[in-house]
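Undergrad:
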Amino acid sequence: MSAITLIKPLEQHLPSYVSALQKGWSPDNLSPEAAEEELAKIAEDSAAYLDSLDDPDARGGPVRLPDGSLVPRLPGLRRFIWDGGFCGFIGFRWQEKTSELPPHVLGHVGFGIVPWKRGNGYAKQALRAILPIARQKGLCHIELTTTPDNVASQRVVLACGGELIERFELPAAFGVGEALRFRIPLDDA
Ligand SMILES: CC(C)(COP(=O)(O)OP(=O)(O)OC[C@H]1O[C@@H](n2cnc3c(N)ncnc32)[C@H](O)[C@@H]1OP(=O)(O)O)[C@@H](O)C(=O)NCCC(=O)NCCS
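Numbering (the numbering used here), first residue to last: 83 to 271.
#1: Buried or exposed, going by whether 16 or more other CB atoms sit within 10 Å of the CB of G170?
#2: What residue range is occupied by the uninterrupted alpha helix (DSSP H) comprising A211?
#3: Whole angstroms is fine: what's the gap from S84's alpha carbon to I124's?
#4: Taking the beta strand (DSSP E) that R237 falls in, what are its first and last residues?
#5: So, is E182 buried or exposed, given that buried needs 16 or more other C-beta atoms within 10 angstroms?
#6: Excluding the 5 residues preceding and the 5 following A205 in the sequence, name in chain order all residues of the same chain whose CB lies nearer than 6 Å to its CB.
#7: Using DSSP with H/G/I as helix, E/B as strand and the rest coil, what is V191?
#8: Where does I86 fall in DSSP's three states?
#9: Excluding five sequence neighbours on each side, which residues of the same chain lie with their C-beta closer than 7 Å to the C-beta of G106?
#10: Use the C-beta contact count for Q218: other C-beta atoms within 10 angstroms, 16 or more gives buried, fewer gives exposed.
#11: For the region 144-160 against the region 245-258, are there 3 or more C-beta pairs whose distance is under 8 Å?
#12: Taking only three categories from DSSP, how would you classify P97?
#13: Is R160 near ligand 1 - that is, is its Cβ less than 6 Å away from at least one heavy atom of it?
#14: Are the region 93-106 and the region 173-188 in contact at 8 Å, needing three or more beta carbon pairs?
#15: Which two residues bound the contiguous alpha helix (DSSP H) that contains A130?
#16: Ligand 1 heavy atoms versus the CB of F193: any closer than 6 Å?
#17: According to DSSP, what are the bridge partners of P267?
#18: Let me make sure I understand the geometry here. Which of L112, G173, A208 has the alpha-carbon closest to that of P157?
#19: Where does W164 sit, in a helix, a strand or coil, going by DSSP?
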């Protein structure tokens with residue numbers, strides 16, 4: 083299995099990311115238009131874009147949910163998954179002094195791998211690499227949600243110590259449907 087690292091990207095890493103976006107890959111699986119938004123931000127001010135990937139004080143402004151409503155942003159960070167080129171994104175958000183999340187935040191961690199690099203164990207490695215970072219923030223566990231049909235994502239979460247907590251109705255802002263909530267305890271991270 084090839085190895086990946088999580089990188090806090092620099093200017094030199096952007097061309098590989100831009101190329102993935104130009105192929106139509108979106109870093110947000112709930113929002114296909116996120117690719118165009120990312121390209122526009124990088125074109126406008128790449129240094130500011132790179133800065134925005136670390137946002138421990140939630141300065142990035144409100145977050146737009148799939149129904150268009152705006153909710154407060156949590157502190158967060160995003161990292162590139164890298165194997166010598168761009169493989170995907172992993173994002174982690176949290177609330178200070180608690181492992182809980184507000185109802186409109188579906189999980190602490192979201193990730194995606196570009197289709198041409200899937201099936202190499204990259205998402206599992208990336209999720210494992212986030213666990214110590216979450217533990218450093220004082221969290222006892224992280225939660226992740228997937229749709230019931232997203233078997234690949236579920237296998238990634240289970241392989242990283244995830245336990246299925248519940249099947250629940252998505253909040254209305256995310257549309258109609260059910261989702262699965264997993265929890266990964268951080269004692270051994
Ligand atoms: C989910 C995703 C990140 C997995 O990335 P990946 O790097 O291919 O994942 P890994 O190689 O680490 O592991 C994938 C696991 O899913 C399995 N898998 C992949 N596609 C599958 C499918 N269609 N049906 C069942 N299992 C599948 C693999 O066999 C592997 O499990 P195994 O090692 O136990 O056999 C990737 O498919 C993706 O980006 N999907 C779109 C975005 C997304 O769904 N993100 C998660 C949101 S919660």
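No residue lacks a Cβ here, since even glycine has one placed at the ideal position from N, Cα and C.
TA: Let me lay it out:
#1: Within 10 angstroms of the beta-carbon of G170 lie 16 or more other beta-carbons, which makes it buried.
#2: 204-218
#3: 29 Å
#4: Note, R237: premise wrong, no beta strand (DSSP E); alpha helix (DSSP H) at 233-241.
#5: exposed
#6: Hits under 6 Å: F193, I195, V238.
#7: strand
#8: coil
#9: A117
#10: exposed
#11: Contact between the region 144-160 and the region 245-258 is present, because at least three Cβ pairs lie under 8 Å.
#12: helix
#13: no
#14: Judged by pairs of C-beta atoms under 8 Å, the region 93-106 does not touch the region 173-188, as fewer than three such pairs exist.
#15: 128-134
#16: yes
#17: H223
#18: G173
#19: strand
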